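Note sheet for the following structure.
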């Protein structure tokens, strides 16, 4: 049996924890913290406490597991998406507002059902979005119809194409 383990090049969630230490509470309105929900090394209680301390009441699964955890054939691994949804439910149970990011619109009904009233919106994130440079913040643009039960957003217009070398 061959077992392979990989460590992240950048520990996204640890970077978030570090930045939360200096985050000014007065800037927290409307902020959603981007969290890698399939991080096997994260201490979720510490992360939730740090978010609350910073006054941040919203979270988003970013990047979504469906884009970063794939089989050798390129299809998303269902177990990663299940872990992600369980963690989103856990944050929702702590009264965090949740934005659900996905590349597969068919997954949105499941997120709506499981996260319920804490679901603040859905973010459509196609695979090509991973090629874009993301700065300190990303603006979302409306991608849904007014009056829809759950707000829908798109990511691509809030990013810039990578610089050519």
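In our numbering, the protein residues as written are 216 to 380. Just so it is clear, CB atoms sit at the ideal spot from N, CA and C, and this is done for glycine as well. Being a predicted model, the structure only gives us computed values, none of them experimental.
Residue 275 - partner residues in DSSP beta bridges | Looking up residue 275 in the chain shown gives position 60. Residue 275 pairs with 249, 314.
Spatial neighbours of residue 379 in its chain, beta-carbon cut-off 6 Å, leaving aside the 5 residues before and after | Residue mapping note: residue 379 aligns to position 164 of the chain shown, counting from 1. In this prediction, residue 379 has a pLDDT of 46, which is less than 50 and means its spatial position is unreliable; what the coordinates show is noted afterwards. Cβ within range, chain order: n/a, list empty.
Candidates 300, 293, 333, 365: which alpha carbon is nearest residue 250's?
-> Along the chain shown, read from residue 1 onward, the residue named residue 250 stands at position 35. With distances taken between Cα atoms, residue 250 lies closest to 300.
Tell me the DSSP bridge mates of residue 334?
-> Start at 1 with the first residue of the chain shown, and residue 334 comes out as number 119. 313, per the DSSP bridge assignment.
Figure out for me which residue from 263, 271, 261, 322 has the closest Cα to the Cα of residue 282.
-> Position 67 of the chain shown holds residue 282. Considering only alpha carbons, the answer is 322.
On a CA-only basis, which of 295, 328, 274, 336 is nearest residue 306? Give me that one, please.
-> Here the question's residue 306 lines up with position 91 in the chain shown. When only C-alpha atoms are compared, the closest one is 274.
So, using beta-carbon positions, are residue 238 and residue 263 closer together than 7 Å?
-> Position 23 of the chain shown, counted from the first residue, corresponds to residue 238. Position 48 of the chain shown, counted from the first residue, corresponds to residue 263. No. Outside cutoff.
When the cut-off is 7 Å and only beta carbons count, does residue 296 lie next to chain C?
-> The chain labelled as chain C is not found in the depicted structure, where only one protein chain is given.
The alpha helix (DSSP H) spanning residue 242 covers which residue range?
-> The count along the chain shown starts at 1 and reaches residue 242 at position 27. Careful: residue 242 lies outside any alpha helix (DSSP H) and carries neither H nor E.
Use the C-beta contact count for residue 256: other C-beta atoms within 10 angstroms, 16 or more gives buried, fewer gives exposed.
-> Counting from one through the chain shown, the residue named residue 256 turns up at place 41. With fewer than 16 Cβ atoms within 10 Å of its Cβ, residue 256 is classed as exposed.
Rounded straight-line distance, which links the Cα of residue 367 to that of residue 245 | Position 30 of the chain shown, counting from 1, holds the residue named residue 245. Position 152 of the chain shown, counting from 1, holds the residue named residue 367. Spanning the two alpha carbons is a distance of roughly 16 Å.
Pull up the distance between the alpha-carbon of residue 243 and that of residue 236, whole angstroms please.
-> For the purposes of this step, residue 243 is taken as the residue at position 28 of the chain shown. For the purposes of this step, residue 236 is taken as the residue at position 21 of the chain shown. Residue 243 and residue 236: Cα-Cα distance of roughly 13 Å.
For residue 295, which residues of its own chain have a beta-carbon under 7 Å away from its beta-carbon, when the five flanking residues on both sides are left out?
-> The count along the chain shown starts at 1 and reaches residue 295 at position 80. Only 253, 280, 284 meet the Cβ criterion.
If you drop the 5 nearest sequence neighbours on each side, which residues of the same chain put their C-beta closer than 7 Å to that of residue 318?
-> For this step, residue 318 is matched to residue 103 along the chain shown. Same-chain partners within the cutoff: 279, 281, 282, 340, 341, 342.
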